[in-house]
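Beneath this line is the structure, given in structure tokens, with notes to follow.
Residue numbers (the numbering used here), protein chains in the order written: chain A, 1 to 110; chain B, 111 to 223.
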């Protein structure tokens with residue numbers, strides 16, 4: 001089967017750094033994506049890793065280790081508006097199939 | 111620029127009634143199109159995806175079907191809704207070889223009563 005594991009919820013304070021992990025087991029792998037979803041809204045794309053290493057986009061960074069089937073999203077200088085659900089997703093290269101994890105709900109406290 | 115339209119935003123339907131949700135994309139050609147469903151507080155479950163007109167792949171056996179009558183139109187249908195069909199339905203598109211980046215519509219909250 002195919003599965004993605006990420007923590008169900010994380011809590012942090014404003015200004016802090018938080019890391020959301022994702023481990024995956026899929027029958028094919030092309031890359032790992034991260035999406036943010038606020039309550040009642042649609043998911044929006046944050047980052048994508050196809051190669052090992054760290055990708056940085058402003059306050060957000062994403063890391064991938066293909067050999068460990070593992071990645072993480074790092075959020076720095078947390079703001080209240082970062083409170084949302086974060087999903088990792090694997091592109092399995094199977095004709096367009098993108099598989100999502102169950103999501104991590106991040107709560108940022110003052 | 112590319113945009114994706116999905117409607118309606120909310121829908122309340124009785125059990126056994128039919129369903130038709132429509133999604134259209136503007137500003138791009140030959141997109142990959144997707145239908146996802148999200149239960150409350152849960153992840154996104156891929157229902158259908160399409161890489162071209164008339165080409166539909168179904169991910170899970172279910173009470174739903176999808177069609178792509180035009181390049182940038184994707185329709186989700188059911189002949190008879192079940193209670194378990196309730197959820198947040200999201201349409202999405204990606205560029206042909208850019209599956210890593212999906213653009214989602216605003217979603218349809220479907221309640222089957």
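Note that beta-carbon positions come from the ideal geometry of N, C-alpha and C, so glycine has one too.
Computed from a predicted structure; not experimentally measured.
{"Query": "Quick check on residue 81 of chain A: does DSSP put it in helix, strand or coil?", "Result": "helix"}
{"Query": "Within its chain, find whatever has a CB closer than 6 Å to the CB of residue 105 of chain A; leave out the 5 residues flanking it on each side and keep chain order.", "Result": "9 and 85"}
{"Query": "For residue 66 of chain A, tell me which candidate among A:97, A:103, A:36 and A:54 has the shortest Cα-Cα distance.", "Result": "A:54"}
{"Query": "Assuming residue 181 of chain B contacts residue 166 of chain B under a Cβ cut-off of 8 Å, what Cβ separation, rounded to an integer in Å, is found between them?", "Result": "14 Å between Cβ atoms; not a contact."}
{"Query": "How about the region 213–220 of chain B and the region 112–125 of chain B: do they share at least three Cβ pairs that are nearer than 8 Å?", "Result": "yes"}
{"Query": "Starting from residue 72 of chain A, trace the beta strand (DSSP E) in both directions and tell me its first and last residue.", "Result": "70–75"}
{"Query": "Is the CB-CB distance between residue 87 of chain A and residue 153 of chain B below 8 Å?", "Result": "yes"}
{"Query": "Check whether the Cβ of residue 159 of chain B lies closer than 8 Å to any Cβ atom in chain A.", "Result": "yes"}
{"Query": "Would residue 47 of chain A and residue 62 of chain A qualify as a contact pair, given that the criterion is a beta-carbon distance under 8 Å?", "Result": "yes"}
{"Query": "From this set, B:145, B:155, B:150 and B:202, which residue's C-alpha is nearest residue 187 of chain B's C-alpha?", "Result": "B:145"}
{"Query": "Can you list, in chain order, the residues of its chain with a C-beta nearer than 8 Å to that of residue 80 of chain A? Leave out the 5 residues immediately preceding and following it.", "Result": "14, 108 and 110"}
{"Query": "With a CB to CB cut of under 7 Å and the five nearest residues on each side skipped, what residues in its chain are close to residue 11 of chain A?", "Result": "107 and 109"}
{"Query": "Below 6 Å CB to CB, which residues in the same chain sit around residue 177 of chain B once its five sequence neighbours on both sides are set aside?", "Result": "185"}
{"Query": "Helix, strand or coil, according to DSSP, for residue 193 of chain B in the structure here?", "Result": "helix"}
{"Query": "Provide the residue span of the beta strand (DSSP E) that contains residue 31 of chain A, from first to last.", "Result": "31–37"}
{"Query": "Determine the direct distance from the alpha carbon of residue 83 of chain A to that of residue 111 of chain A, and round the result to whole angstroms.", "Result": "Since the first residue shown for chain A is 1 and the last is 110, residue 111 of chain A is missing from the structure and cannot be characterised."}
{"Query": "Here's the rule I'm using: 16 or more other beta-carbon atoms within 10 Å means buried, otherwise exposed. How should residue 122 of chain B be labelled?", "Result": "exposed"}
{"Query": "What would DSSP say about residue 140 of chain B, mapped onto helix, strand or coil?", "Result": "coil"}
{"Query": "Label residue 59 of chain A either buried or exposed according to how many other C-beta atoms from any shown protein chain fall within 10 Å of its C-beta, with 16 as the threshold for buried.", "Result": "exposed"}
{"Query": "Which same chain residues, not among the five before or five after residue 161 of chain B, have their C-beta less than 7 Å away from its C-beta?", "Result": "142"}
{"Query": "Check the Cβ of residue 101 of chain A against every Cβ in chain B and list those closer than 8 Å, keeping chain order.", "Result": "153"}
{"Query": "Is residue 151 of chain B helix, strand or coil when you go by DSSP?", "Result": "coil"}
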